[in-house]
Every structure is written in C-alpha cells, then in structure tokens.
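Asks:
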Amino acid sequence: MTRHHQPQRTCIGCRQVFGKDEVVRIVAGPAGAVIDYREKLPGRAAYVCPRLDCIQKALSRENLSRALHGRTAAPDTDTFVGQLAASITEKIRSLLTMAVKAGSLAAGASAVDDALQKGRVEMLIFAGDVSEGTRGKLCSGSPLPSRQATLFTRDEMGQMVGRELVGVVGILEKGFADAVGNEVERLKGLLNKHL
Ligand SMILES: [Zn+2]
C-alpha cells in the first residue's frame with residue numbers, strides 16, 4: 013500500500029520503512045513500554061508492524077529498549093500482542109459506533125437482508141455466536157460483499173447498536189468499510205488467523 017504525503021517510519025522488527033499509518037506507535041510509559049494506538053501520548057517513540065513476526069523480533073532482540081533509549085523494559089510478546097489486539101478491537105468498536113450514529117449501519121438479519129437486496133452493503137460482520145439460521149439465510153439470498161469478518165458476540169454487537177442481541181451488521185458506507193476492513197486485516201495479521 014503506497015500513500016503519499018505521509019511521514020515514514022521504520023519498523024524495529026523487520027527494519028523496513030512504512031507510512032506512519034501502517035505501523036503501531038509504542039512509547040515508554042512509567043511502568044514500561046505501552047502501545048499508543050491513538051498516537052496521543054508524548055515522548056520518544058518506536059514503531060512496529062502490527063504483525064506477530066515483527067513484534068517477536070522487535071521484543072526478543074531488545075530492539076524496543078534500544079529504540080526507546082533504554083528507558084523502559086520490553087513487555088513479553090503475549091502481553092504485547094494481547095494489548096494490541098484489544099486496541100485494534102476497540103478501534104473497530106468505535107468505528108462501528110460512529111457508523112451507527114451516521115446512519116451507515118444495518119443491524120440485524122432483516123435490515124441486513126434488505127440492504128443486501130438493494131446492493132448497499134460494503135462489508136458484513138457476523139457475531140462469533142451468530143445462529144446458523146441467520147448466517148444461512150443471508151448466505152443463500154442476495155450476493156454478499158467480498159469483505160466479511162466474524163468478530164464480537166451478539167451481546168457486544170447489540171450494545172453497539174443499542175439493541176439486545178445482534179448477530180450480523182452490514183456497513184453501508186465505503187469509508188467506514190475501508191477503515192474497519194483495514195483494522196480487521198491488522199487483527200488477522202497479528203493473530204495469524206482468519207476472521
Ligand atoms: Zn515490520
């Protein structure tokens with residue numbers, strides 16, 4: 013992915029240079045290195061690709077401490093990956109909440125089915141505990157968008173849209189779908205699994 017007019021940052025794992033938006037910022041906090049996913053914290057920073065292999069290299073070779081000028085201890089890989097996955101998940105949650113407010117989210121099987129029939133769905137997100145009936149009904153109807161993911165629970169998705177249990181949502185606006193799709197790709201690369 014090439015973007016212009018974006019500051020360049022070097023991943024301390026693979027040592028390759030990326031646009032600022034493609035890497036994750038890490039800063040030295042009082043209790044050790046912390047992920048600054050929203051890029052709001054002050055201080056000297058290091059950057060790493062949100063990929064398991066880069067994170068392992070960055071932390072195992074103590075590259076992080078060196079990049080932060082020895083001010084901080086490197087967290088262990090599992091802790092770091094867990095925190096980063098939580099940050100990415102939180103970002104997706106906040107994007108979906110914004111999409112609800114913008115009227116760009118269809119929530120629940122019938123609303124999603126309706127939007128699918130109109131060809132309006134840019135991305136589908138199924139809850140991890142969606143019923144087979146809901147999934148099967150949608151998958152046997154209108155053509156589905158190529159972007160799909162399985163994330164959250166019905167309860168969590170319900171909370172985002174202000175309803176009780178929601179098994180599926182459809183993102184209706186390309187900008188939101190691009191942003192959510194980007195975060196989902198990060199999560200896949202980080203956890204090394206299909207979502
Ligand atoms: Zn890297």
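What the sequence shown shows, in this note's numbering, is residues 13 to 207, in sequence order.
Ideal Cβ positions, reconstructed from N, Cα and C, are used throughout, including at glycine.
Values in this document were obtained by computation on a predicted structure and should not be read as measured data.
#1: Is any non-hydrogen atom of ligand 1 found closer than 7 Å to the C-beta of Gly55, if you look at the structure I gave you?
#2: For the structure I just gave you, are there three or more beta carbon pairs, one from the segment 138–156 and one from the segment 70–87, closer than 8 Å?
#3: Considering only C-alpha positions, which residue in the set Ile183, Arg147, Thr22, Asn204 is nearest to Ile104?
#4: Which word fits Arg175, buried or exposed, when buried means at least 16 other C-beta atoms lie within 10 angstroms of its C-beta?
#5: Taking the beta strand (DSSP E) that Leu117 belongs to, which residues open and close that run?
#6: Is the closest heavy atom of ligand 1 to the C-beta of Cys61 under 7 Å?
#7: Please state the DSSP three-state secondary structure of Leu80.
#8: Which of the three DSSP states is assigned to Met13 in this structure?
#9: Can you tell me which of the three DSSP states Gly170 falls into?
#10: Return yes when at least one heavy atom of ligand 1 lies under 7 Å from the C-beta of Gly31, else no.
#11: Considering only heavy atoms of ligand 1, does any lie closer than 7 Å to the CB of Gly201?
#12: Leaving aside the five residues before and after Leu80 along the sequence, list all residues of the same chain whose C-beta is less than 8 Å from its C-beta, in chain order.
#13: Given this structure, state the Cα-to-Cα distance separating Met13 from Lys130, to the nearest angstrom.
#14: Less than 7 Å separating the Cβ of Gly187 from some heavy atom of ligand 1?
Replies: This is what the structure holds:
#1: no
#2: no
#3: Ile183
#4: exposed
#5: 117–119
#6: Yes - ligand 1 has a heavy atom lying nearer than 7 Å to the Cβ of Cys61.
#7: If DSSP states are grouped into helix, strand and coil, Leu80 belongs with coil.
#8: Unreliable placement is indicated for Met13, whose pLDDT of 49 sits below 50; the coordinate value is still reported in the next sentence. DSSP places Met13 in coil when its eight states are reduced to three.
#9: helix
#10: no
#11: no
#12: Ile38, Val39, Ala40, Ala45, Arg56, Ala57, Ala58
#13: For Met13, the predicted structure reports a pLDDT of 49, less than 50, and the residue's modelled location is therefore unreliable. A value from the coordinates is still provided. Met13 and Lys130: Cα-Cα distance of roughly 31 Å.
#14: no
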